[in-house]
Amino acid sequence: MYNALPPWTALAPALLLGLTGLALLLVDTIRPRSRSNTSMAVVGALGALASLAVTVWFVAAGTGSADTGGGITLFADAITVDTLSLFFTAIFASVTSLVVVAAHDYFHDHENPAAFYSLTLFAATGMALLAVANSLAVVFVALEMVSLPSYALVAFLKTNRGSVEAGLKYFLVGALSSAVFLFGISLVYAVTGSLIFAEVAAGIGSLGDLAGIAGIGIVMIVGGVAFKTASVPFHFWAPEAYEGAPAPVSAFLSSASKAAGFVVAFRVFTEAFPLGASVSAEINWVLAFGVLAAVTMTLGNFAAAVQEEVKRMLAYSSIGHAGYALIGLAALSAGGSGNGAVMGAAMAHLFVYGFMNTGAFLFVAMAERWGVGRTFEEYGGLARRAPVACTAMAVFMFSLAGLPPFAGFFSKYFLFMGAIDNGFIWLAALGAVNSVISLYYYSRVVKAMFLDDPTTPSALDTIDARPTALYAAVVFAAVATVLLLPGFGPVIETAEAAASALF
Amino acid sequence: MVPPEWYLLLAAGVFCIGLFGVLTRNDALYFLMSVELMMNAANINFVAFALYYGDLTGQVFALFVIALAAAEVAIGIGIILVLYRNFGDIDVTVPTEMRW
Chain P
63 MYNALPPWTA LAPALLLGLT GLALLLVDTI RPRSRSNTSM AVVGALGALA SLAVTVWFVA
123 AGTGSADTGG GITLFADAIT VDTLSLFFTA IFASVTSLVV VAAHDYFHDH ENPAAFYSLT
183 LFAATGMALL AVANSLAVVF VALEMVSLPS YALVAFLKTN RGSVEAGLKY FLVGALSSAV
243 FLFGISLVYA VTGSLIFAEV AAGIGSLGDL AGIAGIGIVM IVGGVAFKTA SVPFHFWAPE
303 AYEGAPAPVS AFLSSASKAA GFVVAFRVFT EAFPLGASVS AEINWVLAFG VLAAVTMTLG
363 NFAAAVQEEV KRMLAYSSIG HAGYALIGLA ALSAGGSGNG AVMGAAMAHL FVYGFMNTGA
423 FLFVAMAERW GVGRTFEEYG GLARRAPVAC TAMAVFMFSL AGLPPFAGFF SKYFLFMGAI
483 DNGFIWLAAL GAVNSVISLY YYSRVVKAMF LDDPTTPSAL DTIDARPTAL YAAVVFAAVA
543 TVLLLPGFGP VIETAEAAAS ALF
Chain F
338 MVPPEWYLLL AAGVFCIGLF GVLTRNDALY FLMSVELMMN AANINFVAFA LYYGDLTGQV
398 FALFVIALAA AEVAIGIGII LVLYRNFGDI DVTVPTEMRW
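Residue numbers (our numbering), protein chains in the order written: chain P, 63 to 565; chain F, 338 to 437.
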């Protein structure tokens with residue numbers, strides 16, 4: 063199908079997010095006294111939903127897909143819109159709309175919620191730009207565009223010591239890793255003479271004795287990616303930032319921001335440093351990602367198992383899930399026939415994860431809003447007072463653990479099968495063992511909510527508020543998690559087609 | 338013309354000085370300066386190799402990086418300000434509300 067629209071309209075999802083953010087900021091600047099939380103949230107959510115609708119339309123119409131002539135390139139090849147970018151933009155837009163809706167209740171008595179909505183939308187714009195980046199310069203600019211609003215969002219509760227400390231730690235690690243990432247880019251530029259992915263790839267193929275410098279540069283770029291995806295060795299910020307940040311921000315960072323890190327990793331390492339050329343230059347980044355994936359998922363799951371606070375457990379579990387998604391890069395082989403399948407499965411896992419993990423963090427947001435505690439014990443008996451929300455939370459927990467009737471099972475199944483087909487049985491086995499461990503701590507939450515008694519008879523009396531929007535967001539995320547079970551076929555097909563186009 | 342290896346060595350040196358500062362200083366403002374140093378090390382590479390290859394990509398990107406570094410410092414100063422208001426200090430080792 064020929065697309066009659068001018069090429070720049072391919073950027074409409076990112077433009078919609080950015081313009082909505084600007085509009086919110088403008089209205090808030092012109093009329094700072096008449097801050098209306100509800101209308102701001104409605105505008106923000108509508109902007110994100112419009113972006114999602116356009117993205118889904120583009121995917122359905124085949125914009126930039128291999129069938130319609132490949133990616134649409136803009137700005138002298140610096141940007142390319144293809145199915146991969148649209149797939150990830152769909153994740154970013156859905157998570158953003160869920161978070162904005164939930165934040166309406168979470169920040170109901172905050173003095174300046176409009177700043178929250180515009181910062182969230184700016185970060186989402188940066189993510190949408192990351193997804194279409196085709197040049198290391200665009201990658202770095204977009205990465206900073208995600209990071210800078212995120213630092214402010216984590217420290218958004220300015221008088222809350224936990225939030226400020228979390229923001230500080232996120233900023234310190236983030237600034238350091240973006241400097242390392244930038245130096246890596248500069249080394250790659252030094253040996254290849256270009257920042258456009260295709261030209262970098264050509265340069266990597268003819269390195270000669272400069273392979274050492276390119277290798278150091280690539281290792282540094284891996285470091286920057288590890289920060290964004292909260293993987294070892296740049297994962298230290300994640301538990302602190304997710305625990306201290308307002309819970310909707312934790313949901314946003316651990317779902318959307320992590321997916322943004324992965325879209326960069328997938329595109330940079332397949333387009334700019336293609337496996338065949340890299341390995342012949344003795345820069346074996348697949349091995350590096352294999353080690354990172356193994357260490358990340360093991361560390362994340364073992365650390366999550368010993369937590370006493372639900373939010374911190376979710377933070378470590380999110381590190382564990384970064385390890386699973388890294389399999390999408392670690393289980394590649396040069397010229398392997400299953401490369402598209404395993405990377406597509408990792409993308410589908412991130413898609414499902416976007417809903418179930420956002421939902422889980424938003425349930426924590428609801429618990430914070432109610433004023434019940436943060437530990438497993440304090441969640442005791444919650445299902446008696448809030449059965450609908452607790453059922454939704456149980457769906458998220460079992461789906462995150464990868465139990466069969468939920469969408470999380472299918473995405474993990476395809477991921478591990480893809481790894482086995484590509485000859486990486488040890489990664490799949492390690493992932494399966496880790497999933498078993500994760501079942502322990504996820505089911506602890508469900509047990510506390512449904513089977514345990516409240517810590518004191520009056521512990522749950524604080525649950526009098528009925529945060530409608532927050533409820534709606536949690537229930538919608540649960541419905542999406544369940545609906546992705548029958549709807550998993552189209553998701554995995556789109557993901558595999560998008561990933562196969564990279565090789 | 339100075340051979341390009343010297344630029345690489347200079348940039349690596351500046352980067353390591355910045356990294357050393359990040360790892361040894363407790364003061365948040367020193368941290369910001371050290372990160373700035375690391376980013377400028379990358380800028381040296383960009384400008385030097387833009388000259389070496391005879392194209393403008395590196396120089397233009399260096400300008401982008403300078404602007405981004407300024408934006409990052411603006412956010413950083415904001416966070417350090419609320420840090421000072423809440424903890425009465427800008428020592429990055431002081432805030433330890435959360436422990437694993």
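Glycine is no exception: its CB is placed at the ideal position from the N, C-alpha and C atoms.
Keep in mind the model is a prediction, meaning the values are calculated, not measured.
Close beta carbons around residue i, own chain, < 6 Å, minus the five adjacent residues each side
| i | result |
| --- | --- |
| S127 of chain P | T145 |
| S180 of chain P | G83, L86, L87 |
| M455 of chain P | F425 |
| W437 of chain F | Because W437 of chain F sits at a pLDDT of 46, beneath the cut-off of 50, its placement in the model cannot be relied upon, and the following sentence gives the value as read from the coordinates. For W437 of chain F, where only same-chain residues beyond five positions count, there are no Cβ hits under 6 Å. |
| A214 of chain P | L181 |
| V537 of chain P | A454 |
| E227 of chain P | G306 |
| A563 of chain P | A128 |
| L360 of chain F | none |
Terminal residues of the beta strand (DSSP E) in which residue i lies
| i | result |
| --- | --- |
| V339 of chain F | Taken as a continuous stretch (DSSP letters only), V339 of chain F belongs to no beta strand (DSSP E), as it is neither H nor E. |
| I275 of chain P | Not the beta strand (DSSP E): I275 of chain P falls in the alpha helix (DSSP H), residues 273–290. |
| L136 of chain P | 134–136 |
Own chain partners of residue i with C-beta closer than 7 Å, once the 5 adjacent residues on each side are dropped
| i | result |
| --- | --- |
| L272 of chain P | V253 |
| D129 of chain P | none |
| G485 of chain P | S395 |
| M375 of chain P | A366, Q369, Y503 |
| D428 of chain F | N363, D364 |
| A406 of chain F | E373, M376 |
| Y389 of chain F | P341 |
| M63 of chain P | Unreliable positioning characterises M63 of chain P in this predicted model, as indicated by a pLDDT of 45, which lies under 50. A coordinate reading is not provided. |
| G267 of chain P | A339 |
| M412 of chain P | The amino acid at residue 412 of chain P is misidentified as Met; the sequence shows Leu. Only I153, A321, F324, A387 meet the Cβ criterion. |
| F233 of chain P | Y213 |
| F476 of chain P | A407, A410, I554 |
Beta-carbon separation (whole angstroms), residue i vs residue j, contact threshold 8 Å
| i | j | result |
| --- | --- | --- |
| S500 of chain P | N363 of chain P | 5 Å |
| L114 of chain P | A322 of chain P | L114 of chain P to A322 of chain P, Cβ: 16 Å. No contact. |
| F352 of chain F | A378 of chain F | 4 Å |
| F149 of chain P | A557 of chain P | 6 Å |
| A164 of chain P | P310 of chain P | 5 Å |
| L257 of chain P | A204 of chain P | Not really, about 13 Å apart at Cβ, beyond 8 Å. |
| V194 of chain P | A110 of chain P | In fact, because the Cβ distance is near 17 Å, the residues do not count as touching under 8 Å. |
| G355 of chain F | V339 of chain F | That belief does not hold up - the Cβ atoms of G355 of chain F and V339 of chain F are roughly 22 Å apart, past 8 Å. |
| R431 of chain P | D167 of chain P | 6 Å |
| A399 of chain F | F383 of chain F | 4 Å |
| I280 of chain P | I345 of chain P | 6 Å |
| G416 of chain P | S317 of chain P | 5 Å |
| A300 of chain P | I381 of chain P | 6 Å |
| G188 of chain P | S239 of chain P | Between S239 of chain P and G188 of chain P the Cβ distance is about 16 Å, and since that is not below 8 Å, they are no contact. |
| V216 of chain P | S225 of chain P | 7 Å |
| F578 of chain P | A392 of chain P | There is simply no residue 578 of chain P to check, as chain P begins at 63 and stops at 565 in what is shown. |
| L249 of chain P | I278 of chain P | 6 Å |
Sheet register partners of residue i (DSSP bridge)
| i | result |
| --- | --- |
| A195 of chain P | P:I141 |
| D364 of chain F | F:D428 |
| T437 of chain P | P:E371 |
Residue i - containing alpha helix (DSSP H), residue span
| i | result |
| --- | --- |
| K373 of chain P | 372–392 |
| V294 of chain P | Looking at the DSSP string, V294 of chain P is not in any alpha helix (DSSP H), and its letter there is neither H nor E. |
| E302 of chain P | 299–306 |
| S113 of chain P | 99–123 |
| I92 of chain P | 74–92 |
| A560 of chain P | 550–562 |
| L412 of chain P | 401–432 |
| F538 of chain P | 530–545 |
Cβ-based neighbour list, residue i, same chain, cut-off 8 Å, excluding 5 preceding and 5 following
| i | result |
| --- | --- |
| T117 of chain P | P75, L148, T151, A152, A155 |
| F458 of chain P | M418, N419, G421, A422, F425, A539, A540, T543 |
| V445 of chain P | Rather than Val, the amino acid found at residue 445 of chain P in this sequence is Ala. Hits under 8 Å: C452, T453, M511, F512. |
| M370 of chain F | G358 |
| V326 of chain P | L192, A195, V201, L205, V287, K290 |
| V341 of chain P | V348, A396 |
| L81 of chain P | G109 |
Practice prompt. Return the chain-ordered ranges of every alpha helix (DSSP H) run that is complete within the stretch 443–514 of chain P and spans a minimum of 4 residues.
Written response: Listed in chain order, the complete alpha helix (DSSP H) runs (minimum 4 residues) inside the stretch 443–514 of chain P are 444–447, 449–463, 469–483, 487–512.
Worksheet entry | Every unbroken alpha helix (DSSP H) within the stretch 240–271 of chain P, with a cutoff of 4 residues, ordered by chain | Those alpha helix (DSSP H) runs which fall completely within the stretch 240–271 of chain P and span 4+ residues are 259–267.
Worksheet item: Of all the alpha helix (DSSP H) runs that stay within the bounds of the stretch 313–378 of chain P, which reach a length of 4 or more residues?
Response: Counting whole runs of 4 or more residues, the stretch 313–378 of chain P contains the alpha helix (DSSP H) stretches 320–329, 337–342, 347–367.
Fill in: Within the stretch 348–412 of chain F, ranges of the alpha helix (DSSP H) (whole runs, at least 4 residues)
Counting only runs of 4 or more, we get 365–390.
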